[in-house]
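Student:
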Amino acid sequence: MEHTKLIVEKQDGYVVAAINNPPANALGQPVLADLNALLDESLNDNEVRAIVITGSGEKLFSAGADITEFASIQADGAPKISGHDVFLKIENYPKPIIAAMQGSAFGGGNELSMSCHLRILSASAKIGLPEVKLGIIPGWGGTQRLPRLIGKTKALEVMLTGDPLSAEDALSYGLVNKVVPADQVLSEAKTLAAKLAKGAPLAIREILKAVTQGLNTTIEEGIKIEQAGSAVVFASQDAKEGGMAFFQKRPPNFQGK
Ligand SMILES: C/C=C/C(=O)SCCNC(=O)CCNC(=O)[C@H](O)C(C)(C)COP(=O)(O)OP(=O)(O)OC[C@H]1O[C@@H](n2cnc3c(N)ncnc32)[C@H](O)[C@@H]1OP(=O)(O)O
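Sequential numbering of the sequence shown, starting at 1, is according to the numbering used here.
1) Quick one: residues in its chain with C-beta nearer than 8 Å to the C-beta of Gly162, no 5 flanking neighbours on either side, listed in chain order?
2) Candidates Gly141, Gln102, Ser82, Pro30: which alpha carbon is nearest Gln184's?
3) Would DSSP call Arg119 helix, strand or coil?
4) Short check: CB of Val176 to CB of Leu121, under 8 Å?
5) For Leu32, which of Ala50, Phe70, Pro23, His84 has the nearest alpha-carbon?
6) Does the Cβ-Cβ distance between Ile204 and Leu196 come in under 8 Å?
7) Grab me the residues of Leu60's own chain with a C-beta within less than 6 Å of its C-beta, minus the 5 sequence neighbours each way, in chain order.
8) Alpha carbon to alpha carbon, what distance is there between Gln29 and Gln74?
9) Could you give the DSSP three-state label for Ala125: helix, strand or coil?
10) Answer yes or no: the CB of Asp163 versus the heavy atoms of ligand 1, is any distance below 7 Å?
11) Looking only at DSSP bridge pairs, what is Gly336 linked to?
12) May I ask which residues mark the beginning and end of the alpha helix (DSSP H) holding Glu189?
13) Would you check whether ligand 1 has a heavy atom nearer than 7 Å to the C-beta of Ile67?
14) In terms of residue numbering, what span does the alpha helix (DSSP H) encompassing Ala37 cover?
15) In the DSSP assignment, the alpha helix (DSSP H) including Ile219 goes from what residue to what residue?
16) How many Å lie between Thr218 and Thr212 at the Cα?
17) In whole angstroms, what is the alpha-carbon distance linking Glu241 and Asp12?
18) Kindly confirm or deny that the region 148-160 and the region 217-232 touch, where touching means at least three C-beta pairs closer than 8 Å.
19) Count the other C-beta atoms from every protein chain shown that fall within 10 angstroms of the C-beta of Ala18, then say buried if there are 16 or more, exposed otherwise.
20) Taking the alpha-carbon positions, what's the His117 to Ile98 distance?
See the structure below:
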C-alpha cells in the first residue's frame, strides 16, 4: 500500500516506518491512518516479524497530536481515527514493535512510543507529556501507560508539571530500554529488530500477550494467560526445533509453526 506520511523500508525479517510529517512529525489524521494501515498489512506478512517506528528528521520523533487539527475536532467532534485506535493495536500486536526515538517525543508522540513494546531514545532527546501546558490532559493513554511504566510518583510529576524528562532520567526511570547517541538510534533499533526477527514467533507472540494482558488483570488471571500461552508453544514445531538445535549445538531455525 502507498504510504504518504510514512517512509516504509522493508528489511530482512522486519520493517522500518519513519513518520514523515514535517515540521514536527505531528500525529495528524493522515499519519494515524498510515500507521494503522501499516499495522494491518504487516499482521499476516510472514516476512515481517518485527516493526520499527521512527521519525524523519533529526529534532523530533513526534511533537504529538497535530494541534492544527484541534479546531476541527472541537467543531466537528471526534476525529475519524484516534491515537487510541492505533496505540491499542500496537500494544496488543502479536509481533514486537520498537520505537526508535531519534528525536524528542512530546504528548501524543510520547504516548505513541509508550504503546510500543520497546523504546530506544536519543541521548540528546527529551520526552514528556506537556499537555497540561495547553490546558488539556494526555489524551491518548498517557495517564494510563506512564504510571504503569515508571510508577505513579514520577508519572504524576511529569504530567502535572508538563516538564520533559532528559534521556538520562527516562532511562533511569525505566521509561526506555536504551539511550544512545542520536545517530545510532536507528541502527540500534534495526539490530534489535533483526535479533527479534530470528526469534521464535509463537513464543514471542505469547510473551507479548501474557505481559500486556497480564498487567491489566489479577496475577491469578495472568497466570492463566501464561499457562495457555505455554501450552500453545510447548505443542509447537518450533519447541521441538528449539530442543533439537540445543542438543545439536546449532542455531535454531524457527518457522512460527
Ligand atoms: C492526545 C494527544 C494530545 C497531544 O499530543 S497535544 C500536543 C502535545 N505536544 C506539545 O505540546 C508539543 C508542542 N510543540 C512544542 O512544544 C514545540 O514545537 C517543540 C518543543 C516540539 C519544538 O519547539 P521549537 O524547536 O521551538 O519549534 P517550534 O517553532 O515550536 O515548532 C516548529 C514547527 O512545528 C510546529 N509544531 C510543533 N508542534 C506541533 C504539534 N504538536 N502539532 C502541529 N504543529 C506543531 C510549530 O507550529 C512550528 O511550525 P511553523 O514552523 O510552521 O511555525
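C-beta atoms are modelled at their ideal positions from N, C-alpha and C, and glycine is treated no differently.
Tutor: Working from what's here:
1) Numbered from 1 along the sequence shown, position 162 holds the residue referred to as residue 162. Correct list, in chain order: Gly128, Leu129, Pro130, Glu131, Val132, Lys133.
2) Here residue 184 corresponds to residue number 184 of the sequence shown, with the count starting at 1. Checked all of Gly141, Gln102, Ser82, Pro30; the closest Cα to Gln184 is Gln102.
3) Here the question's residue 119 lines up with position 119 in the sequence shown. Note: Arg119 maps to strand in three-state DSSP.
4) Counting from 1 along the sequence shown, the entry for residue 176 is found at position 176. Counting from 1 along the sequence shown, the entry for residue 121 is found at position 121. A contact, by the Cβ cut-off of 8 Å.
5) Translated into the one-based positions of the sequence shown, residue 32 becomes position 32. Among Ala50, Phe70, Pro23, His84, the Cα nearest to that of Leu32 belongs to His84.
6) Taking the sequence shown and counting its residues from 1, the one referred to as residue 204 is at position 204. Taking the sequence shown and counting its residues from 1, the one referred to as residue 196 is at position 196. Yes. Within cutoff.
7) Within the sequence shown, residue 60 is the residue found at index 60, counting from 1. If we look at Leu60 and ignore the five residues flanking it on each side, its Cβ neighbours are Ala24, Asn25, Gly103, Ser104.
8) Indexing the sequence shown from 1 puts residue 74 at position 74. Indexing the sequence shown from 1 puts residue 29 at position 29. C-alpha separation (whole angstroms): 15 Å.
9) Stepping through the sequence shown from its first residue, residue 125 is reached at position 125. Here Ala125 sits in coil by DSSP.
10) Within the sequence shown, residue 163 is the residue found at index 163, counting from 1. No; taking the cut-off as 7 Å, the Cβ of Asp163 has no heavy atom of ligand 1 nearer than that.
11) For residue 336 there is no data in the structure shown, the boundaries of the chain being 1 and 257.
12) Your numbering for residue 189 matches position 189 in the sequence shown. Just to set this straight, residue 189 is Ala in the shown sequence, not Glu. 185-197 is the extent of the alpha helix (DSSP H) around Ala189.
13) Here residue 67 refers to the residue found at position 67 of the sequence shown. Yes; taking the cut-off as 7 Å, the Cβ of Ile67 has a heavy atom of ligand 1 nearer than that.
14) The sequence position of residue 37 within the sequence shown is 37, counting from 1. Element bounds for Ala37: 29-43.
15) Taking the sequence shown and counting its residues from 1, one reaches residue 219 at position 219. Segment 219-234, the alpha helix (DSSP H) holding Ile219.
16) Locating residue 218 in the sequence shown gives position 218, where the first residue counts as 1. Locating residue 212 in the sequence shown gives position 212, where the first residue counts as 1. Going from the Cα of Thr218 to the Cα of Thr212 covers about 12 Å.
17) Sequence index remark: in the sequence shown, residue 241 carries index 241 (1-based). Sequence index remark: in the sequence shown, residue 12 carries index 12 (1-based). Roughly 21 Å separates the two Cα atoms.
18) no
19) Counted from its first residue, the sequence shown places residue 18 at position 18. The residue in question, Ala18, is buried, as its Cβ has 16 or more Cβ neighbours within 10 Å.
20) Along the sequence shown, read from residue 1 onward, the residue named residue 117 stands at position 117. Along the sequence shown, read from residue 1 onward, the residue named residue 98 stands at position 98. Each residue's alpha carbon lies about 6 Å from the other.
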